[in-house]
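K.L.:
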Amino acid sequence: MKIAVPLSLVLILGLLVGFKKQPVEQGKMNVLFIVADDLRPELGSFGATHIKSPNIDKLAAGSAIFERAYCNIPVCGASRASLMSGARPARYRFINHGDFLNEHYPGAKSMPRIFHENGYTTISNGKIFHQKQDEKDAWDEIWQAKGNGELDYINPVNVDLVKNEPVRKDNNRGYAYEDVALNDTDYRDGKMALKIKKDLQKFKQSGKPFFLTVGFHKPHLPFNAPKKYWDLYDSTKIRLPANYSQPASTPKVAFHNSGELRNYYGIPDKGLVSKDLAKKLIHGYYASVSYVDAQLGIIMDELARLELDKNTIVVLIGDHGWNLGDHQLWNKHCNFSSSLTTPLLIRIPQKTSGQRIRDIVEFIDIFPTLAELTQLPKPNTAVGESVVPLIENRKRTKTFAISRWGDALTVIKDQYFYTEWVDDKDNRTARMLFDHKTDPLELKNLAEQPEHAGVVTELSDLMRKNRGADFWEDKRKTKP
Numbered sequence: 183m184k185i186a187v188p189l190s191l192v193l194i195l196g197l198l199v200g201f202k203k204q205p206v207e208q209g210k211m212n213v214l215f216i217v218a219d220d221l222r223p224e225l226g227s228f229g230a231t232h233i234k235s236p237n238i239d240k241l242a243a244g245s246a247i248f249e250r251a252y253c254n255i256p257v258c259g260a261s262r263a264s265l266m267s268g269a270r271p272a273r274y275r276f277i278n279h280g281d282f283l284n285e286h287y288p289g290a291k292s293m294p295r296i297f298h299e300n301g302y303t304t305i306s307n308g309k310i311f312h313q314k315q316d317e318k319d320a321w322d323e324i325w326q327a328k329g330n331g332e333l334d335y336i337n338p339v340n341v342d343l344v345k346n347e348p349v350r351k352d353n354n355r356g357y358a359y360e361d362v363a364l365n366d367t368d369y370r371d372g373k374m375a376l377k378i379k380k381d382l383q384k385f386k387q388s389g390k391p392f393f394l395t396v397g398f399h400k401p402h403l404p405f406n407a408p409k410k411y412w413d414l415y416d417s418t419k420i421r422l423p424a425n426y427s428q429p430a431s432t433p434k435v436a437f438h439n440s441g442e443l444r445n446y447y448g449i450p451d452k453g454l455v456s457k458d459l460a461k462k463l464i465h466g467y468y469a470s471v472s473y474v475d476a477q478l479g480i481i482m483d484e485l486a487r488l489e490l491d492k493n494t495i496v497v498l499i500g501d502h503g504w505n506l507g508d509h510q511l512w513n514k515h516c517n518f519s520s521s522l523t524t525p526l527l528i529r530i531p532q533k534t535s536g537q538r539i540r541d542i543v544e545f546i547d548i549f550p551t552l553a554e555l556t557q558l559p560k561p562n563t564a565v566g567e568s569v570v571p572l573i574e575n576r577k578r579t580k581t582f583a584i585s586r587w588g589d590a591l592t593v594i595k596d597q598y599f600y601t602e603w604v605d606d607k608d609n610r611t612a613r614m615l616f617d618h619k620t621d622p623l624e625l626k627n628l629a630e631q632p633e634h635a636g637v638v639t640e641l642s643d644l645m646r647k648n649r650g651a652d653f654w655e656d657k658r659k660t661k662p
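First residue of the sequence shown: 183, per the working numbering; consecutive thereafter.
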């Protein structure tokens, strides 16, 4: 006997099936995606022999090493929203640290969402999106280490300073560092390394494909790292950067007051920090890098022990660069290369072996790259270009990167860094040009020199043509 099924019921059932995760074919590659907050490419594998980063360097030896990788905007929230969506920042999209992908670009599909919809288990550990509620239904699990408050202070001096915050008028935090003899797991990143070991063990047992993320909180301020990592560095050998100056040829709008650092106790409200304090801060940053490096080693050793390294793509990236006194600046929040440049390692089993890639790549290229490597669809809102051809020693179409901060847009092409400030009517208000072949420290602005007028015009046109057709559109759900 035939049973008639109403067409409406068939349609409803079809829609319900469509919302289910799609089954994953056997043999699909896993992804271990690692983001270290404020990590600049001052690492052993990037030529900085004074930095103790053996585990990052070991990962680099089996990866493609991208020596010219640039963030699209140098601030945590906006950079991560752009990175995870593959969408380019615009005048009203991905602007500052508090920005949500869901708020700024409704309808854009993120990396975890594409993996989630295609049968992968997706886990967010630590700091991936700046706002942990952003894209929350794209994750099977969102995990944060329980610890010592937002600043992860343990030193009683810092804890007391925070506790007594209402009675202090100078700053609202403790010191910008801690160098106490502690265990790695006393801080959040150490706890997270152990959590990820358990994640990997579960995946090994279940055999399910995964998109597993690691969001290290360090080396972001405050520079809290167990004392043993401080002891890796001789404080008497810490040096200020060679470009510890602000050249008169550079527009004043290019500089800032290092406001993020000035929130911490003992930092003056304006002016330079003392040279001794500057060296202490640099020391703390190095210690924090080595602390993160040790946690990475724990994770990578477990990946290898479980033999998951044979079918897992590993990506290591910073969310943007960081100024360690470069141009007398601290933090990010500017258009100098120190703020825009980040390490990028991509390890692909049986494909990468430490090859160094000098081609220019940008953060929006990462999503298309992983989509290609895992044979998953790339949404139209992910506008970057895969770097797989570069890994395979082939050429690709795009040869530039574009970053922005505030009113400024920077285009990076060949040896040039060109930045242009524009007002709300798209009128140029200031500009700077550096030739990294002759001036890698960015000490001489060439933008106003007549002999470079042709280069300025070419790069300005390139930037305007490629900053995005929707650059001036405001797609935010809630307009300010």
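Ideal Cβ positions, reconstructed from N, Cα and C, are used throughout, including at glycine.
So what's Asp366 in DSSP terms, helix, strand or just coil?
P.N.:
helix
K.L.:
Can the beta-carbon of Trp412 be found less than 8 Å from the beta-carbon of Ala469?
P.N.:
yes
K.L.:
Report yes if the CB atom of Ser521 is closer than 8 Å to the CB atom of Glu624, and no otherwise.
P.N.:
no
K.L.:
Tell me the rounded alpha-carbon separation between Asn425 and Pro622.
P.N.:
10 Å
K.L.:
Would you report the Cα separation of Ile370 and Glu630, rounded to the nearest angstrom?
P.N.:
One detail in the question is off: residue 370 reads as Arg in this sequence, not Ile. Each residue's alpha carbon lies about 48 Å from the other.
K.L.:
To the nearest angstrom, how far is the alpha carbon of Gly280 from that of Gly259?
P.N.:
5 Å
K.L.:
So, helix, strand or coil for Val206, using DSSP?
P.N.:
Below a pLDDT of 50, predicted positions are generally treated as unreliable, and Val206, at 49, falls in that range; the measurement from the model is reported next regardless. DSSP places Val206 in coil when its eight states are reduced to three.
K.L.:
Using CA atoms only, rank isn't needed, just tell me which of Arg222, Pro433, Lys457 and Phe616 is closest to Lys400.
P.N.:
Arg222
K.L.:
Does the structure place the region 332 to 342 close enough to the region 295 to 303 that three or more beta carbon pairs sit under 8 Å?
P.N.:
no
K.L.:
So, Ser585 versus Ile255, is the Cβ gap smaller than 8 Å?
P.N.:
yes
K.L.:
What are the boundary residues of the beta strand (DSSP E) that Ser235 is part of?
P.N.:
Premise fails: Ser235 is in no beta strand (DSSP E) and is neither H nor E.
K.L.:
What residue range does the alpha helix (DSSP H) around Glu554 cover?
P.N.:
Ile548 to Thr556
K.L.:
Below 8 Å between beta carbons: does that hold for Thr304 and Asp322?
P.N.:
Contact: yes.
K.L.:
Just to confirm before moving on: does the CB-CB distance between Val565 and Phe582 stay below 8 Å?
P.N.:
no
K.L.:
Assign Gly503 to buried or exposed, taking buried as 16 or more other Cβ atoms, counted over all protein chains shown, within 10 Å of its Cβ.
P.N.:
buried
K.L.:
Are Phe248 and Leu526 touching if we call contact CB-CB under 8 Å?
P.N.:
yes
K.L.:
Put Ala272 into one of helix, strand or coil per three-state DSSP.
P.N.:
strand
K.L.:
Can you look up Ile542 in the DSSP assignment and give me helix, strand or coil?
P.N.:
coil
K.L.:
With a 10 Å radius around its C-beta and 16 neighbouring C-beta atoms as the bar for buried, classify Arg576 as buried or exposed.
P.N.:
Looking at its Cβ environment, which holds fewer than 16 other Cβ atoms inside 10 Å, Arg576 is exposed.
K.L.:
Would you please verify whether the beta carbon of Thr579 is less than 8 Å from any beta carbon of chain B?
P.N.:
The chain inventory of the structure shown lacks chain B, comprising one protein chain alone.
K.L.:
What did DSSP end up calling Ser521 once you bin it into helix, strand or coil?
P.N.:
helix
K.L.:
Helix, strand or coil: which one does DSSP assign to Ala590?
P.N.:
strand
K.L.:
Hey, out of Ala590, Arg538 and Gln597, whose CA is closest to Leu572's CA?
P.N.:
Arg538
K.L.:
Can at least three beta-carbon pairs, one atom from the region 533 to 551 and one from the region 597 to 610, be found at a separation below 8 Å?
P.N.:
The way I'd put it, the region 533 to 551 doesn't touch the region 597 to 610; fewer than three beta-carbon pairs between them come closer than 8 Å.
K.L.:
Suppose contacts are defined by Cβ-Cβ distances below 8 Å. Is Val362 in contact with Lys409 by that definition?
P.N.:
yes
K.L.:
Which value, in whole angstroms, describes the spacing of the CA atoms of Val199 and Asp508?
P.N.:
Note that Val199 has pLDDT 42, beneath the 50 cutoff, so the model's placement of it is unreliable and the number below is only indicative. Between Val199 and Asp508, the C-alpha separation is close to 55 Å.
K.L.:
Count Cβ pairs between the region 601 to 618 and the region 421 to 437 that sit closer than 8 Å; are there 3 or more?
P.N.:
yes
K.L.:
Report yes if the C-beta distance between Leu463 and Tyr359 is below 8 Å; otherwise report no.
P.N.:
yes
K.L.:
Have a look at Gln315 and Ile324 and give me their C-alpha separation to the nearest angstrom.
P.N.:
9 Å
K.L.:
With a threshold of 16 other CB atoms inside 10 Å of the CB of Asp220, please say whether the residue is buried or exposed.
P.N.:
Burial call: buried.
K.L.:
Which of the three DSSP states, helix, strand or coil, is assigned to Ile255?
P.N.:
coil
K.L.:
What's the gap between the Cα of Lys240 and the Cα of Pro423?
P.N.:
26 Å
K.L.:
Please classify Gly636 as buried or exposed, where buried requires at least 16 other C-beta atoms within 10 Å of its C-beta.
P.N.:
exposed
K.L.:
Can you check DSSP and say which residues form a bridge with Leu526?
P.N.:
Phe248 and Ile499
K.L.:
Which whole runs of the beta strand (DSSP E) in the region 273 to 339 are 3 residues long or more, in chain order?
P.N.:
303 to 308 and 323 to 325
K.L.:
Looking only at its chain, what residues have a beta carbon closer than 8 Å to the beta carbon of Ser267, apart from the 5 residues adjacent to it on each side?
P.N.:
Within the same chain, Ser267 has close Cβ partners Leu283, Tyr287, Ala290, Lys291, Ser292, Met293, Phe549, Thr563 and Ala564.
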